[in-house]
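Asker: Protein chains in written order, with the numbering used here: chain A, 851 to 1168; chain B, 122 to 425. We treat Cβ as the ideally placed atom computed from N, Cα and C, and that holds for glycine.
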Amino acid sequence: MNYVLARLVRQFFPTVFVASILIFMLAELLPGDPAVIALGETATPDAVAALRHEMGLDRPLPERYIRWLGSALTGDFGRSTTGKTVTDLLKTTLPATLELAFIAFTIGNTLGLAMGITAGITRGKLPDAVVGVIGSLLIAVPSFVAGLLILLVFAVWLEWFPSAGRVPIFENPLEALRHITLPALALAGVVSAVISRFTRQSIVDVLTNDYIRTARAKGLSERAVILRHALRPSMLPVVTIIGLQLGGLFGGSIVIEQVFTWPGMGRLLIGAVSSKDYPTIQAITLLLVSTYLTFNLLTDLMYAWLDPRLRASMSTGA
Amino acid sequence: MRDNAQVAFADEVGILAKPGRFGSSGFARFVKRLFRDPRGVFALSTLFVLLVFAFIVPLVHPTSPFESIRGERLLDPSSEHWFGTDELSRDLFIRNAVGLRSTLLGGVLAVVSGWLLGVVLGYAAGYSKGIVDTIISRSMDTLLAFPGILLAILLIALFGTGLGSLALAVAIFNVPFSTRLARATVLRESVRDYVLAARAIGCSGPRILYRHIAINTLGVFAVQLPISIVNSVLIMAALGFLGLGVQPPNPTLGGLLNDGRRFMRLEYTYLLAPAAILALLMLSLNFLSDVLGEMLDPVRRGKG
């Protein structure tokens, strides 16, 4: 419990706090006056001044930061330069990104575990080598390049899948599945490679334990040794890195969404950067950063929970 | 297999026992060992072809990357235009070559500058400890809170587009990683006997850092460097693909991927060529860093 508190107070909250200041300051540092951008270059100085006042741009910086953070915490991120509220924009794009990340996460972990377990129990044999090569390819080729290549093959040449867009899952489940398959696969590739490497190493390590030798010595079949004695302990370290993958998926989906014109937060962000839509940039960044930090925190806590030695060394201050 | 590993290990111990004598024969042995691994062969030969493509082809190729040839829009690959032509009737072979060159130059520039800054910050943090360390380390934690490409996107939003600001964004992206690594090496090395000895004979702090710690920990950075180049080139290409990189008409790999994506139904080589180049580049750099890491780290070589 002490460790949890220390980790929260000394690392999580300070980092979130400083990051939120940076995100707030970003809009200040960006070239151009938001009021002018919203009204267009031809606006009269009076109109600009009025809008600046309405947007609160004429108030001191710290006050604006506190107002901004306060309303952001209640889910109000202000008005985008498109005229809609940022919350409305997020309401349509956030589910798309979550859906993509969740499906990619499921595919990536399932594939990764299957590959890693296969490789681990056939160590040094052909399946292990095949999985190793696939894993190296998946890690080496960036997901958006892999995405572009599978887009070319499966959407343009073979025409098995559509090349762009999203269909809500409740409207037409089959079409929804067809649309999400390629982007989810592209995003899942790296996850499966990382999980597979980790799982393989973990199984290889566990299989060297004395109790595995005992299990074999008492005449258990190899199948029983692996299913009953090796698999469960080897999954513990793997569980802890699964959380980290989810955080990274949200970052990775920014580019993948662009490849498959998936109408998620990533596309919204890129559009906002090109049109200098500060409130939208800030909202998405804040969401991505806090999600990422939360998953990192959960992962760290999971580590500590699984390995009391780490907890002891952390609480003495390292 | 086992014997080979042992020979290689003895070989390496031999080199390690004579620091500073990494002369031409040592380098030749080094390259020879790289070639003993199939991944090394693949990586070095692919990199050689890609480097010739990026740096020699633009010098000797007769066509300009900006020249439009009337009536030759979105052509298939032919003996005249090896990769076809783009929507503005420009030769894609030369545009890919120049694009790869600017992506590579930008990536290496970003890594070098990001690493120089990071190493200085990391050394300062690790050596001075106390408040300086806290400030530097917490700042790096904050930068690392922005997942992957997000930090680079925000920096581009801040600096604007262009090769210079692109390289600057990617350089800053590299800083937290190199700072952490440098800080960790200083913390680990500063309790070693040779550092204590240097301090005892009255060496100044910067001298210890530069003449003793930096020289003795070069290997750590040598392994990390290819990984950083991989990440930087990848981020450069991704930013270009997102339309946040260098402005047209200058070609970059990322920009070509973006344009190729738009015209993939009309002319697939437009997309395939830069995608294949980038994939091959990433594969060979990854393999190179794997092989280098295993050569320099006997523990990792033993596993597997």
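In three-state DSSP terms, what is Thr931/A?
Answerer: Taking the first residue of the first sequence as position 1, residue 931/A is located at position 81. Thr931/A: coil per DSSP, three-state reduction.
Asker: For Asp158/B, does the three-state DSSP call read helix, strand or coil?
Answerer: Within the second sequence, residue 158/B is the residue found at index 37, counting from 1. Coil at Asp158/B, not helix or strand.
Asker: Does Ser1042/A come within less than 9 Å of chain B when only Cβ atoms are used?
Answerer: In the first sequence, the residue the question calls residue 1042/A occupies position 192. By this cut-off, Ser1042/A is not an interface position.
Asker: Let me check one thing: in DSSP terms, what residues is Thr1049/A bridge-paired to?
Answerer: Taking the first sequence and counting its residues from 1, one reaches residue 1049/A at position 199. DSSP, once it has assigned bridges, lists no residue as partnering Thr1049/A.
Asker: Pop quiz: Gly1116/A and Gln1108/A are said to be a contact at Cβ under 8 Å. What is the actual Cβ separation, rounded to whole angstroms?
Answerer: On the first sequence, position 266 is the one that residue 1116/A refers to. On the first sequence, position 258 is the one that residue 1108/A refers to. Between Gln1108/A and Gly1116/A the Cβ distance is about 7 Å, and since that is below 8 Å, they are a contact.
Asker: Give me the DSSP bridge partner(s) of Asp212/B.
Answerer: Looking up residue 212/B in the second sequence gives position 91. The partner list for Asp212/B (beta bridge, DSSP) reads Thr206/B.
Asker: So with Cβ pairs under 9 Å, would you call Asp262/B a contact of chain A?
Answerer: Against the second sequence, residue 262/B aligns to sequence position 141. Interface residue, yes.
Asker: Measure the C-alpha to C-alpha separation of Phe163/B and Phe176/B and round it to an integer number of angstroms.
Answerer: The count along the second sequence starts at 1 and reaches residue 163/B at position 42. The count along the second sequence starts at 1 and reaches residue 176/B at position 55. Going from the Cα of Phe163/B to the Cα of Phe176/B covers about 20 Å.
Asker: Do Ile1053/A and Ile971/A have their C-beta atoms closer together than 9 Å?
Answerer: Taking the first sequence and counting its residues from 1, the one referred to as residue 1053/A is at position 203. Taking the first sequence and counting its residues from 1, the one referred to as residue 971/A is at position 121. Their beta carbons are under 9 Å apart, which means Ile1053/A touches Ile971/A by this criterion.
Asker: Between which two residues does the alpha helix (DSSP H) holding Ile957/A run?
Answerer: Taking the first residue of the first sequence as position 1, residue 957/A is located at position 107. Segment 936 to 971, the alpha helix (DSSP H) holding Ile957/A.
Asker: For Ile989/A, collect the residues of the same chain with a Cβ closer than 6 Å to its Cβ; drop the 5 residues on either side in sequence, then sort them by chain order.
Answerer: Against the first sequence, residue 989/A aligns to sequence position 139. Same-chain partners within the cutoff: Ala1043.
Asker: Starting from the N-terminal side, write out each stretch of the alpha helix (DSSP H) that is 4 residues or longer and does not extend beyond the segment 333 to 370 of chain B.
Answerer: List check, alpha helix (DSSP H) in window: 339 to 362.
Asker: May I ask you to report which of helix, strand or coil DSSP gives His903/A?
Answerer: Counted from its first residue, the first sequence places residue 903/A at position 53. If DSSP states are grouped into helix, strand and coil, His903/A belongs with the helices.
Asker: Do you know how far the Cα of Ser325/B is from the Cα of Leu365/B?
Answerer: The sequence position of residue 365/B within the second sequence is 244, counting from 1. The sequence position of residue 325/B within the second sequence is 204, counting from 1. Going from the Cα of Leu365/B to the Cα of Ser325/B covers about 45 Å.
Asker: Let me know the secondary structure DSSP gives Met122/B once reduced to three states.
Answerer: Mapped onto the second sequence, residue 122/B falls at position 1. Here the model assigns Met122/B a pLDDT of 39, short of 50, so the residue's position is not dependable and the matter cannot be decided.
Asker: Which residues, in order along the segment 977 to 999 of chain A, keep a beta-carbon less than 8 Å from a beta-carbon of chain B?
Answerer: The residues in question are Ser986, Leu987, Ile989, Ala990, Val991, Pro992, Phe994, Val995, Ala996, Leu998, Leu999.
Asker: Output, in chain order, the set of chain A residues within a Cβ distance shorter than 9 Å of Tyr389/B.
Answerer: One-based indexing of the second sequence puts residue 389/B at position 268. The contacting residues are Leu1002, Val1006, Trp1007.
Asker: Let me know the secondary structure DSSP gives Ala913/A once reduced to three states.
Answerer: By 1-based counting over the first sequence, the position of residue 913/A is 63. First, the residue type needs correcting, since residue 913/A is Glu and not Ala in the sequence shown. Three-state result, Glu913/A: helix.
Asker: To the nearest angstrom, report how far apart Val312/B and Ile348/B are at their CA atoms.
Answerer: By one-based count along the second sequence, residue 312/B stands at place 191. By one-based count along the second sequence, residue 348/B stands at place 227. Using only the alpha carbons, I get a separation of about 28 Å.
Asker: Are there three or more Cβ pairs, one per stretch, closer than 8 Å when the segment 301 to 316 of chain B is compared with the segment 247 to 258 of chain B?
Answerer: Because the criterion of three Cβ pairs below 8 Å is met, the segment 301 to 316 of chain B and the segment 247 to 258 of chain B touch.
Asker: May I ask you to verify whether the segment 366 to 384 of chain B touches the segment 214 to 225 of chain B, counting CB pairs closer than 8 Å and requiring at least 3?
Answerer: Result yes; three or more Cβ-Cβ pairs closer than 8 Å.
Asker: How many whole angstroms separate the CB atoms of Leu950/A and Pro1033/A, which I take to be in contact at a CB cut-off of 8 Å?
Answerer: Counted from its first residue, the first sequence places residue 950/A at position 100. Counted from its first residue, the first sequence places residue 1033/A at position 183. Indeed, because the Cβ distance is near 6 Å, the residues count as touching under 8 Å.
Asker: Would you say Leu876/A faces chain B, with C-beta separation under 9 Å as the test?
Answerer: Working through the first sequence from its first residue, we reach residue 876/A at position 26. Yes, Leu876/A lies at the interface with chain B (some Cβ there is under 9 Å from its Cβ).
Asker: Looking only at its chain, what residues have a beta carbon closer than 8 Å to the beta carbon of Gln368/B, apart from the 5 residues adjacent to it on each side?
Answerer: Position 247 of the second sequence holds residue 368/B. If we look at Gln368/B and ignore the five residues flanking it on each side, its Cβ neighbours are Thr282, Gly283.
Asker: Helix, strand or coil: how does DSSP classify Thr1111/A here?
Answerer: The residue labelled residue 1111/A in the question sits at position 261 within the first sequence. Coil at Thr1111/A, not helix or strand.
Asker: Can you pull the chain A neighbours of Ala396/B, defined as C-beta to C-beta under 8 Å?
Answerer: For this step, residue 396/B is matched to residue 275 along the second sequence. What Ala396/B touches in chain A: Val995, Leu998, Leu999, Leu1002.
Asker: Against chain D, does Met403/B count as a neighbour if the rule is that its beta carbon must be under 9 Å from one of theirs?
Answerer: Annotation note: the requested chain D is absent from the structure, which comprises protein chains A and B.
Asker: Taking buried to mean at least 16 other C-beta atoms within 10 Å of its own C-beta, is Glu201/B buried or exposed?
Answerer: Taking the first residue of the second sequence as 1, we reach residue 201/B at position 80. Glu201/B should be labelled exposed.
Asker: Cβ of Gly227/B within 9 Å of Cβ of Ala288/B?
Answerer: Mapped onto the second sequence, residue 227/B falls at position 106. Mapped onto the second sequence, residue 288/B falls at position 167. In contact: Gly227/B and Ala288/B (Cβ atoms closer than 9 Å).
Asker: Taking the runs of the beta strand (DSSP E) that are 3 residues or longer, which of them lie wholly in the segment 243 to 330 of chain B?
Answerer: Segments of the beta strand (DSSP E) lying fully in the segment 243 to 330 of chain B: there are none.
Asker: Give me the residue from Phe994/A, Gly962/A, Ile1000/A, Ser993/A with the minimum Cα distance to Gly982/A.
Answerer: As a first step, residue 982/A is located in the first sequence; it is residue number 132 there, counting from the start. For the residues Phe994/A, Gly962/A, Ile1000/A, Ser993/A, the minimum Cα distance to Gly982/A belongs to Gly962/A.
Asker: Give the C-beta separation of Ala1154/A and Tyr853/A to the nearest angstrom, bearing in mind that I take them to be a contact with Cβ-Cβ under 8 Å.
Answerer: Here residue 1154/A corresponds to residue number 304 of the first sequence, with the count starting at 1. Here residue 853/A corresponds to residue number 3 of the first sequence, with the count starting at 1. The Cβ separation is near 5 Å, so the contact holds.
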